[in-house]
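Remarks on the structure that follows.
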Amino acid sequence: MIKRSFLGLAKPKFEVQRIGLPLSEVKEVPMPKQVTLMLKKPPERMAGTDTVALSPGETVRTGQKISLSSDSETYVISSVTGTIARIKPFAGDFGNAFIAITIDVTSPEVFDEAFAKRAQSLDPALAGAFLSALPGNPAFSVFFREETPVTTLGILGIEPDLASMTRRFVLSHQKAALQKGIEAVKAITGVDRVVLLVPQDAGMDFKDMAAEVRTVAAAYPGTLPKLLMKDVFGQTVPAGKTCEDLGCTFFSAESVAALGTALETGRFPVEKVITVTGKDQKPVVVTAKIGTPVKVIFDELGIVTGHLDRVVFGGPMTGSAVYTEDYPVLPDTDAILVQDKTQIPPLSQYPCINCGECVRICPARVPVNMLVRYLEAGRYDEAADLYDLHCCIECGLCSFVCVARIPIFQYIRLGKFELSRMHAAEAHHG
Ligand code: SF4
Ligand code: SF4
Numbered sequence: 007m008i009k010r011s012f013l014g015l016a017k018p019k020f021e022v023q024r025i026g027l028p029l030s031e032v033k034e035v036p037m038p039k040q041v042t043l044m045l046k047k048p049p050e051r052m053a054g055t056d057t058v059a060l061s062p063g064e065t066v067r068t069g070q071k072i073s074l075s076s077d078s079e080t081y082v083i084s085s086v087t088g089t090i091a092r093i094k095p096f097a098g099d100f101g102n103a104f105i106a107i108t109i110d111v112t113s114p115e116v117f118d119e120a121f122a123k124r125a126q127s128l129d130p131a132l133a134g135a136f137l138s139a140l141p142g143n144p145a146f147s148v149f150f151r152e153e154t155p156v157t158t159l160g161i162l163g164i165e166p167d168l169a170s171m172t173r174r175f176v177l178s179h180q181k182a183a184l185q186k187g188i189e190a191v192k193a194i195t196g197v198d199r200v201v202l203l204v205p206q207d208a209g210m211d212f213k214d215m216a217a218e219v220r221t222v223a224a225a226y227p228g229t230l231p232k233l234l235m236k237d238v239f240g241q242t243v244p245a246g247k248t249c250e251d252l253g254c255t256f257f258s259a260e261s262v263a264a265l266g267t268a269l270e271t272g273r274f275p276v277e278k279v280i281t282v283t284g285k286d287q288k289p290v291v292v293t294a295k296i297g298t299p300v301k302v303i304f305d306e307l308g309i310v311t312g313h314l315d316r317v318v319f320g321g322p323m324t325g326s327a328v329y330t331e332d333y334p335v336l337p338d339t340d341a342i343l344v345q346d347k348t349q350i351p352p353l354s355q356y357p358c359i360n361c362g363e364c365v366r367i368c369p370a371r372v373p374v375n376m377l378v379r380y381l382e383a384g385r386y387d388e389a390a391d392l393y394d395l396h397c398c399i400e401c402g403l404c405s406f407v408c409v410a411r412i413p414i415f416q417y418i419r420l421g422k423f424e425l426s427r428m429h430a431a432e433a434h435h436g
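Be aware that the sequence shown starts at 7, since it is given in our numbering, and climbs by one per residue.
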């Protein structure tokens, strides 16, 4: 039983000044010597020994599709031309399983023709055949499922976390591609309503877009999908449900612009726009091939890391630390943050002192001080039934303000993962 639904959504109370950034500058990271593509296995195949339909030593072209051997609907797109060096299983966090495909880059670059041929017809099958690998990993499949049909698409020109300027860069630099992409998404999906969400201070005119345009205050966490559902679409997502369950989904502006560029050029987009913030806390917008090891980007930007420094994929509120600079840029890597060991907020072993800061800041009005006690004890069912675990919209604000430095957000993510794992196992065993 959920004690309370998601109805308690409050206005965000935590406002952070967005980073000012000269968007005219973008740095192009040169072609790396090697890239690693991460093919994420679908949940039902996590434990299997699947591999991909290619072997080390075989060659690939830029834009070539590499599929899971047992399931051609699960694939990555090669971002380079080269020779497969390694194919290895990779265990991600929260039970995610990947196949890491490392490719030695060769020249000259040769582009695969399959996308150009297939994209001559804009139909639902094109989405399944290629488009889920676009930058941003847009989930086109939700438009074609049998459950609640998705009839509204929100295109996010606003950032998912602090310290990211990636989508704002796309709005200001890829407007024509975005326009073309919007028209293509409409043709492919037949979606009824497309709403482009732009920051209030974008300072641009979007009147000629083939979409409704709504401005959104750039205050975090108001840019997160479940809060946009309430503030822009006037719908409250109940606890444990998704925006898609209410007929609405969100794509990043970069995904849609990348589709526009792909149709214009006939080449599948294999580059990602990323905001990289080094220890000097000055963000830089870069473009890099998907699969580029993060150390190549750091070398290009002159970022040097040392023992106990931290590299975070994503923003400071919701990002995840990676343990090696070999970790590659993924299609949905919007931001990379480097923290000097002296800048990393310390965690502690102190217990909750019941100060109530987390409860006051929580936009979903979760009784976080009680929730965290149950999560720390591994009592996940009670955390969900009694203390609204599933109302949490994963904004990370509670961790940010916790005076006892308890990693609340990590406990929440772990709790949700463990519950979904337990319920999947129960369903499997009948
Ligand atoms: S992450 Fe924390 S503050 Fe944000 S919604 Fe969840 S419980 Fe509330
Ligand atoms: S902010 Fe931290 S210490 Fe304060 S009530 Fe919440 S969990 Fe406890």
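Glycine is no exception: its CB is placed at the ideal position from the N, C-alpha and C atoms.
- In this structure, DSSP gives Ile188 a helical state, which the three-state scheme calls helix.
- Around Leu314, the same chain offers Lys347 as residues with beta carbons nearer than 7 Å, after the five sequence neighbours per side are excluded.
- Collapsing the DSSP output to three states places Met235 in a helix.
- One residue after another in chain order, those with a Cβ under 7 Å from a heavy atom of ligand 2 are Cys358, Ile359, Asn360, Cys361, Gly362, Glu363, Cys364, Val365, Val374, Asn375, Val378, Cys404, Val407, Cys408, Val409, Ala410, Ile412, Ile414.
- Using a Cβ distance threshold of 9 Å, Val335 and Lys295 count as a contacting pair.
- Boundaries of the beta strand (DSSP E) around Cys254: 254-258.
- Contiguous alpha helix (DSSP H) elements confined to the stretch 113-149 occur at 120-124, 130-135, taking only those with 4 or more residues.
- CA-CA distance, Val328 to Thr281, rounds to 16 Å.
- The nearest non-hydrogen atom of ligand 1 is less than 8 Å from the C-beta of Pro369.
- Here Thr281 is bridged, per DSSP, to Val291, Ala341.
- Inter-segment contact for the stretch 141-154 and the stretch 107-120 is absent: fewer than three beta-carbon pairs are separated by less than 8 Å.
- At the C-beta level, Asp340 and Thr229 stay beyond 9 Å of one another.
- Leu202 is bridged by DSSP to Ile161, Val219.
- DSSP, reduced to helix, strand and coil, places Glu432 within a helical segment of the structure shown.
- The C-beta separation of Asp167 from Gly266 comes to about 25 Å, leaving the pair out of contact by the 8 Å criterion.
- At a cut-off of 8 Å, the beta-carbon of Glu218 does not count as near ligand 1: no heavy atom of the ligand is closer than that.
- DSSP, reduced to helix, strand and coil, places Ala183 within a helical segment of the structure shown.
- Here the alpha carbon of Pro130 sits roughly 32 Å from the alpha carbon of Thr324.
- With a 10 Å radius around the Cβ and a threshold of 16 neighbouring Cβ atoms, Tyr393 comes out buried.
- In the structure shown, Ser170 adopts coil according to DSSP, grouped into three states.
- In the three-state DSSP reduction, Lys94 falls in the strand class (E or B).
- Annotated as distal: Thr42 and Thr65, with beta-carbon spacing of 9 Å or more.
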